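Numbering (this note's numbering), first residue to last: 17 to 230.
This is the structure we're talking about:
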């Protein structure tokens with residue numbers, strides 16, 4: 017399924033009329049939370065659980081509120097409209113599809129907070145060939161896309177900074193848990209060949225080869 021969806025979401029939104037781009041975005045917005053809710057509410061046995069500090073989550077939440085406010089204002093034509101709007105929605109579509117693909121790859125291994133499950137395994141296929149934390153990368157793309165609808169690159173980067181900071185903190189917590197106990201050897205081996213949060217040319221090529229090579 018994703019062999020078809022990735023070219024469609026990455027290439028088509030750059031050339032088709034904006035109403036079609038918005039339709040794709042709407043469909044992804046509807047589907048992604050449903051999948052996340054499904055896997056996050058399955059019964060799981062946790063061996064270890066933790067979360068980022070409250071002030072990190074607070075900064076992330078405030079940044080999200082500002083980003084969403086500007087995004088919805090822009091969509092109503094209050095702030096800005098222009099060519100960058102298409103690129104912004106492209107980023108949002110890619111972020112949503114990456115989020116959906118990651119959830120469907122993790123399945124029962126997905127949980128809302130950094131934790132170790134009773135039967136924890138290391139997932140290294142699908143978008144986890146790109147980076148070790150593709151869901152957090154998806155959040156960064158989503159926030160950057162929404163904030164860039166203002167038409168101001170500086171504002172886009174400024175509003176996305178709290179999300180990047182939060183994502184790094186969460187990723188480091190998860191890495192501490194996964195690099196300990198029974199998953200230590202397999203995770204360290206996986207981590208040695210896969211970037212943490214931002215893909216490299218090598219990881220992108222590997223993802224494309226394994227996705228479209230067969």
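Just so you know, even glycine gets a beta-carbon here, dropped at the ideal spot from N, CA and C.
Since the model is a prediction, treat every value here as computed from it, not as a measurement.
Nearest-angstrom Cβ-Cβ length linking residue i and residue j, presumed shorter than 8 Å
{"i": "residue 187", "j": "residue 156", "result": "That belief does not hold up - the Cβ atoms of residue 187 and residue 156 are roughly 11 Å apart, past 8 Å."}
{"i": "residue 147", "j": "residue 210", "result": "7 Å"}
{"i": "residue 122", "j": "residue 47", "result": "Incorrect: roughly 15 Å between the Cβ atoms, too far for contact."}
Option nearest residue i by Cα separation, candidates the options
{"i": "residue 199", "options": "224, 159 and 140", "result": "140"}
{"i": "residue 112", "options": "101, 102, 209 and 150", "result": "150"}
{"i": "residue 120", "options": "142, 104, 177 and 135", "result": "142"}
{"i": "residue 109", "options": "43, 174 and 169", "result": "43"}
{"i": "residue 107", "options": "191, 163, 229 and 123", "result": "163"}
{"i": "residue 178", "options": "189, 170 and 159", "result": "159"}
{"i": "residue 136", "options": "180, 181, 171 and 196", "result": "196"}
{"i": "residue 33", "options": "102, 22, 20 and 174", "result": "102"}
Coarse secondary structure for residue i, derived from DSSP in three states
{"i": "residue 195", "result": "coil"}
{"i": "residue 22", "result": "helix"}
{"i": "residue 28", "result": "helix"}
{"i": "residue 146", "result": "coil"}
{"i": "residue 138", "result": "coil"}
{"i": "residue 172", "result": "helix"}
{"i": "residue 214", "result": "coil"}
{"i": "residue 62", "result": "At residue 62 the pLDDT is 47, less than 50, meaning the model places this residue with poor confidence; the figure from the coordinates comes in the next sentence. In this structure, residue 62 counts as strand in the three-state DSSP scheme."}
{"i": "residue 178", "result": "helix"}
{"i": "residue 96", "result": "For residue 96, the predicted model reports a pLDDT of 47, less than 50, meaning its position is unreliable; a value from the coordinates is still stated below. DSSP places residue 96 in coil when its eight states are reduced to three."}
{"i": "residue 17", "result": "coil"}
{"i": "residue 161", "result": "helix"}
{"i": "residue 167", "result": "coil"}
{"i": "residue 229", "result": "coil"}
C-beta atoms of residue i and residue j nearer than 8 Å
{"i": "residue 219", "j": "residue 145", "result": "yes"}
{"i": "residue 118", "j": "residue 154", "result": "yes"}
{"i": "residue 25", "j": "residue 40", "result": "yes"}
{"i": "residue 161", "j": "residue 100", "result": "no"}
{"i": "residue 189", "j": "residue 203", "result": "no"}
{"i": "residue 152", "j": "residue 114", "result": "no"}
Neighbour flag for residue i against chain C, beta carbons, 8 Å
{"i": "residue 110", "result": "Here chain C cannot be found, since the structure has a single protein chain."}
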